[in-house]
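In the numbering used here, the protein residues as written are 175 to 502. Positions of the beta carbon are idealized from the N, C-alpha and C atoms, including for glycine.
Okay, structure coming up:
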């Protein structure tokens, strides 16, 4: 593999493919095709929203993994962004400088031709950008085998990322390196699918509750909502909507970035091998270009690492600074 100092990386995401594949991985084989009409009809239905939330794709984990190979020159995601499923990701994709390529379904089966458009763009980019060294293809279809082979013939190092169980073996074999999305640092593996509650045939309806004093029917209100200002309640998100993760403060975000950078470094080396602190800092800057240890109140990167001794071990011997992820 070429030296990562000189590498320039292009990332291409068949976004519909990875979202649908991960949904099926979380909820069972062909789950998305069974739920598709319900999702289109009302994505804010509480049960539908809960299933979508459990199958959310960790986009930063994919981009951070790609950045471990070198400088990201371009990142493109192909999908129908008017779809309610994909629309949930737009803000975080834009926040990571991903170019969103709009594709419109050409048939009732929502086949949007992402494979053709992605392949044409990738080949064009390789001729337009001769210094491009790595191509990362995030997909699982065997349709991408010719693209992977062409990239290799043109001298590029091809990395594939796909969901376990939904990726064609031929695609993995066509890449120089292939990584399962499930095993990327930071990705939570799906828990067992809870059984759906089936309504008994002919089950009697629940008796209506007695109305509250004053004739109005009692409203079931969460405890946190009791006594809240009506305007605040009306401004609250609808039940069942997918909420983003809480925003971390700068210190917590830096710790999270450090852990992910160390995991990426260990994935490319032996699990317990010491890593050069300069390489770890470079990877952190690739994950979060805004990272600055001085802005967090530390005189040096070594001081920053020492302050995170609960997650990282630092070894200082002479002029060499080595670090590794602390065993939990």
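{"Query": "For residue 461 and residue 487, the rounded distance between their alpha carbons", "Result": "21 Å"}
{"Query": "Contacting residues, own chain, Cβ-Cβ under 7 Å from residue 475 (five flanking each side not counted)", "Result": "451, 455 and 467"}
{"Query": "Anticipated Cβ contact below 8 Å, residue 191 with residue 334, distance rounded", "Result": "Not confirmed; about 12 Å, so no contact."}
{"Query": "Cross-strand partners of residue 352 (DSSP beta bridge)", "Result": "334"}
{"Query": "Residue 430 to residue 290 span [Cα, whole Å]", "Result": "37 Å"}
{"Query": "Under the three-state DSSP convention, the category residue 249 falls into", "Result": "strand"}
{"Query": "Residue closest to residue 226, alpha-carbon to alpha-carbon, out of 303, 275, 491 and 260", "Result": "260"}
{"Query": "Residue(s) in a DSSP beta bridge with residue 490", "Result": "495"}
{"Query": "Spatially closest choice to residue 224 from 207, 237, 251 and 212, by CA coordinates", "Result": "212"}
{"Query": "Cβ pair count under 8 Å reaching 3, the segment 236-256 against the segment 202-209", "Result": "no"}
{"Query": "Contacting residues, own chain, Cβ-Cβ under 6 Å from residue 478 (five flanking each side not counted)", "Result": "467 and 472"}
{"Query": "Length of the line joining the Cα atoms of residue 318 and residue 484", "Result": "43 Å"}
{"Query": "Test item: CB-CB of residue 239 and residue 345 under 8 Å", "Result": "no"}
{"Query": "Neighbour-count burial assignment, residue 347, 16 or more Cβ in a 10 Å radius", "Result": "exposed"}
{"Query": "Opening and closing residue of the alpha helix (DSSP H) in which residue 275 lies", "Result": "Unbroken run through residue 275 is the beta strand (DSSP E), 273-276; no alpha helix (DSSP H)."}
{"Query": "Segments assigned alpha helix (DSSP H), at least 4 residues, entirely inside the segment 414-475", "Result": "424-442 and 451-461"}
{"Query": "Beta-carbon spacing of residue 453, residue 360 below 8 Å", "Result": "no"}
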